[in-house]
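K.L.:
Numbering (the numbering used here), first residue to last: 3 to 1022.
Right, here's the structure in full:
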């Protein structure tokens, strides 16, 4: 008001000043401008008009300036207001003024459709007006002056305005001032609070259901119903994850509008199209899964049509977790996209947790019910078990000094059970007097020191019988740590103690048997894995018992035997049959082979289920060697009996023939007669070789080996072998680069080589190659155990390899059998390879053969090497004439022809011969010529007394008498006669030349060791 007065006063003063100045100035100028009154009047009139116009203009400018400044001040005030302000002229129906906020609001209104609804005085009014002026007019018509208005912006967001309208009159003109404030945040907060309260109410109701539900189905159905009805959601359902191959989700409960049954059954939690929806994802990943727009999210493609038909836009699924395992999911759908904000999501997760807790509670209640039932059953079972096991329980209250016993404890003491279990007597009344102090000490240690109570003692029952109890117990304390009770059990172990004693005795017997037996005791489980091994495994295979545990027999066997026996033992195990004396080869810890004879029986558990095998293994390596030697000995014995049977008479005949032929050759003069005599000697020599072959095969021939080099022997016989095999077979030598010294008979080895060369020739009728090679080889124990022949040591290896037709396995196994041949009848004796076999074994070696059909054959001869101590090529005396003698010789021979030829040979060489025809005759002759006899020549086998008996009688009075034994018998027969080791032996048939040299050596005291040949016998 004061401001308006100042404005009016200012205008008045301006007007007064301007008017006064104008009058004063014009009155002074008029006389100067006009001289006549008429002109002065005219100028005065114009002066007045000009004054009025000028005054009016100045007043207008002044008032307009004041009004403009006032409007600017008013508009500035409006612009400073953060609310929308509009001044409306009700008469002209036009907006007079508005601030910037109003312009922004109008611009948003005109850019898109506005959906609004307003509230006033608890009454909600809806407006569908696009023009703000029309809206204002409608408000004035309905007399609404204060209300809230929601306007939806084009981008889909809503704006809430608090609108206040006021009618004013300016200069009598009605005006409307509208002030609108943006309350969107407040409305959002209010809506969120409403939604939160609604959700919390839903959670509260669900929690009430959780406490009342009696089953999972009831819980799920009520929860889904509450979510839809109280939470205003489109649908809710609970799915249970199935652990089947399809990983399907089984609907447990549902409410509201949702997928049809066929679509729901297709939901899975696999990582496929049916499992990538919210439910399957939540179950698979264990995390909430939210889809805000089901129509545009590819994950919801299989159920998009159902969503459109049922009008829901967003879907949330949260996993149901129990004991860290996802067992299902709660899925909820809503009709708007922003239904599930972070807080709503958190509340839904909480609801899922409550549901899982409810499930856990139901399971706990069910488990508790089962436990209660089980406890009752357990108590009944305990009482029954105590009765069966003779196990009583007791409880002693230290505060009341009262003892309670179970019914069975009363029975153990020989007392009738009491209903309340209270004992009126002391247990010490029943304890044996000798055991009471021990029991008291144990109880004191438990009560005072807290030690476990564990004691055995004897009792004397009410009926006077004595029993043994095993008692165990402990103390119970209250919350202050004070011992209040002493509880425990007592078991009647009388029968068990007796059984333990019997078991200990049995175990002691069993252990002593197991540890003292030479066999290995073992036990395997049903999978053939060793679970027990006796200590004998150390001696058998070199393993410690604990090293065997966990292995199978096939882990220890030779691979070929393991392959051979796996199927056999599998069949036995399936049939639950025992096995006896199964032979197999095991490999010991050092890698050597051991022949095992195993036997076992199946055993079963108390239910009759197969549990494994128990058995024993025996080392039969030595036995197998003995068996092989025995079998070989039987073969040798067969031919040996044959050879030994003919050797005596045949050799005597040959001795006479050879002797007489030598005498004959000294008398004949013509070359023709001499030639015939040589032919007879050659035939006799062949006959002698035949007998020698038989004896060599049976290893019953006395041999005279000497040191020789194998390489040299092969080189010397090479020419003979080339003529023997023919020109169409090439002979190749591949000899070791250093000498290979062995102790052998040259002739015998040459015979072996010729037999092998002949065999190779017959195997190559169309020609081929024969390769003879020698090498040094060291044989170890593993080779001996594997091949079961020979002994460990250094050997010379001679190989005869041909490129002939070879032989099959059955033939290879029989090649060394006597009289076995693959040749036609009349073309082979079958003694060639068997003779070679006998000669090699007689030289303490062995021979093997390897052959394949059409691939040739290789014979390998192993002869033990010696340390060379003599010249391997020492000169032989075969071409030297034996020296003559003059000594007296007592010749004792029962065969007339042999006696005659030997006597003649000796006499022709200068010796004086006294003959005797048997043992008694020899003693008579010796007694008669005792002083003159220088040498005894005794036949080993004679009538009446044999040569050894004659020698023993003579040596009693003439110790050291020089003696030569002669015999056509085999070496083992000679040995059985006990010829002294230092005596000399000449085997029939013999050449006169060698015989005379032997006589000379004996008479000249040439020792056996220093002679070029050493005589000894080798027996099989």
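Beta carbons: idealized from backbone N, C-alpha and C, even for Gly.
Run through the segment 790–814 for me and flag every whole alpha helix (DSSP H) of 4 or more residues, listed as ranges in chain order.
P.N.:
For the segment 790–814, whole alpha helix (DSSP H) runs of length 4 or above, ordered along the chain, are 811–814.
K.L.:
From 848, 814, 823 and 781, pick the residue whose C-alpha is nearest to that of residue 854; which is it?
P.N.:
That would be 814, whose Cα lies nearest to the Cα of residue 854.
K.L.:
Given residue 828, which residues of its chain have a CB within under 6 Å of its CB, disregarding the five upstream and five downstream residues?
P.N.:
Confidence at residue 828 is low in this model, with a pLDDT of 46, below 50, so its placement is unreliable and no value can be given for it.
K.L.:
Can you give the beta carbon distance from residue 848 to residue 792, rounded, assuming they're within the 8 Å contact cut?
P.N.:
About 5 Å; that satisfies the 8 Å criterion.
K.L.:
Could you tell me the distance, in whole angstroms, from the CA atom of residue 778 to the CA atom of residue 797?
P.N.:
Each residue's alpha carbon lies about 6 Å from the other.
K.L.:
Evaluate the contact criterion for the segment 476–492 versus the segment 448–458: three or more CB pairs, one atom per stretch, below 8 Å.
P.N.:
Short answer: they touch.
K.L.:
Please say whether residue 928 and residue 892 have beta carbons closer to each other than 8 Å?
P.N.:
In this structure, residue 928 lies closer than 8 Å to residue 892 by Cβ.
K.L.:
Residue 769 and residue 731 look like a contact to me (Cβ under 8 Å); what is the Cβ gap, rounded to whole Å?
P.N.:
That belief holds up - the Cβ atoms of residue 769 and residue 731 are roughly 6 Å apart, short of 8 Å.
K.L.:
Between the alpha carbons of residue 341 and residue 247, how many angstroms are there, rounded?
P.N.:
Distance between the alpha carbons of residue 341 and residue 247 is about 35 Å.
K.L.:
Name the DSSP bridge partner or partners of residue 604?
P.N.:
The partner list for residue 604 (beta bridge, DSSP) reads 615.
K.L.:
Is it a yes or a no for the segment 544–561 touching the segment 590–599, going by three-plus beta-carbon pairs under 8 Å?
P.N.:
The segment 544–561 vs the segment 590–599: in contact.
K.L.:
Pair every Cβ in the segment 455–467 with every Cβ in the segment 434–445, then say whether three or more of these pairs are closer than 8 Å.
P.N.:
Counting Cβ pairs under 8 Å, three or more are found: they touch.
K.L.:
In this structure, how does DSSP classify residue 681 when only helix, strand and coil are distinguished?
P.N.:
Here residue 681 sits in helix by DSSP.
K.L.:
Can you name, in chain order, every residue of its own chain whose Cβ lies under 7 Å from the Cβ of residue 925, other than the five neighbours on each side?
P.N.:
Within the same chain, residue 925 has close Cβ partners 952 and 955.
K.L.:
Examine the Cβ distances between the segment 600–619 and the segment 509–523 and report whether three or more of them are shorter than 8 Å.
P.N.:
Short answer: they touch.
K.L.:
Going by C-alpha to C-alpha distance, which of 857, 254 and 394 sits closest to residue 419?
P.N.:
Considering only alpha carbons, the answer is 394.
K.L.:
Looking only at its chain, what residues have a beta carbon closer than 7 Å to the beta carbon of residue 294, apart from the 5 residues adjacent to it on each side?
P.N.:
Excluding positions up to five away in sequence, the list reads 316 and 339.
K.L.:
If you draw a straight line from the alpha carbon of residue 890 to that of residue 959, how long is it in whole angstroms?
P.N.:
So the alpha carbons of these two residues sit roughly 18 Å apart.
K.L.:
Looking at the unbroken alpha helix (DSSP H) that takes in residue 888, where does it start and where does it end?
P.N.:
Taken as a continuous stretch (DSSP letters only), residue 888 belongs to no alpha helix (DSSP H), as it is neither H nor E.
K.L.:
Tell me which residue opens and which closes the beta strand (DSSP E) that residue 858 is part of.
P.N.:
Run containing residue 858: 858–866, per the beta strand (DSSP E) assignment.
K.L.:
Output yes or no for whether 8 Å exceeds the beta carbon distance between residue 948 and residue 921.
P.N.:
Result yes, Cβ atoms of residue 948 and residue 921 sit closer than 8 Å.
K.L.:
Would you mind stating whether residue 626 and residue 586 have Cβ atoms separated by less than 8 Å?
P.N.:
No, Cβ-Cβ distance for residue 626 and residue 586 is not below 8 Å.
K.L.:
For residue 314, does the three-state DSSP call read helix, strand or coil?
P.N.:
DSSP places residue 314 in coil when its eight states are reduced to three.
K.L.:
Does the Cβ of residue 502 have 16 or more other Cβ atoms within 10 Å, making it buried, or fewer, making it exposed?
P.N.:
That one is exposed.
K.L.:
Rounded C-beta distance between residue 1004 and residue 966? I'm assuming under 8 Å.
P.N.:
Going by Cβ atoms, the distance from residue 1004 to residue 966 rounds to 6 Å, so yes, they are a contact pair.
K.L.:
Near residue 302, which residues of its chain fall below 8 Å by C-beta distance, leaving aside the five closest residues on each side in sequence?
P.N.:
Answer for residue 302: 279, 280, 293, 296, 309 and 317, listed in chain order.
K.L.:
Taking residue 169 as the reference, give the member of 224, 105 and 91 with the closest Cα.
P.N.:
Closest option to residue 169, Cα to Cα, is 91.
K.L.:
Would you call the segment 569–581 in contact with the segment 758–769, where contact means no fewer than 3 C-beta pairs closer than 8 Å?
P.N.:
They do not touch, by the three-pair rule.
K.L.:
Measure the C-alpha to C-alpha separation of residue 362 and residue 182 and round it to an integer number of angstroms.
P.N.:
Using only the alpha carbons, I get a separation of about 55 Å.
K.L.:
What is the residue span of the beta strand (DSSP E) that residue 274 lies within?
P.N.:
Segment: none, residue 274 is in no beta strand (DSSP E) and carries neither H nor E.
K.L.:
Compare the C-alpha of residue 863 against each of 755, 333 and 660 and name the closest.
P.N.:
Nearest of 755, 333 and 660 to residue 863, Cα basis: 755.
K.L.:
At the level of alpha carbons, what is the spacing between residue 392 and residue 492?
P.N.:
C-alpha separation (whole angstroms): 8 Å.
K.L.:
Spatial neighbours of residue 667 within its chain, please: CB distance less than 7 Å, with the 5 preceding and 5 following residues excluded, ordered by chain position.
P.N.:
The residues are 676 and 679.
K.L.:
Just to confirm, is the Cβ distance from residue 415 to residue 432 under 8 Å?
P.N.:
Against a cut-off of 8 Å, the Cβ pair of residue 432 and residue 415 comes out as a contact.
K.L.:
Give the single residue among 655, 350, 950 and 938 whose Cα lies nearest to the Cα of residue 1001.
P.N.:
Minimum Cα distance to residue 1001 is reached at 938.
K.L.:
Just tell me which of 558, 367, 654 and 995 has its CA closest to the CA of residue 1053.
P.N.:
Within the shown structure, residues of the chain are numbered from 3 to 1022, placing residue 1053 beyond reach of any answer.
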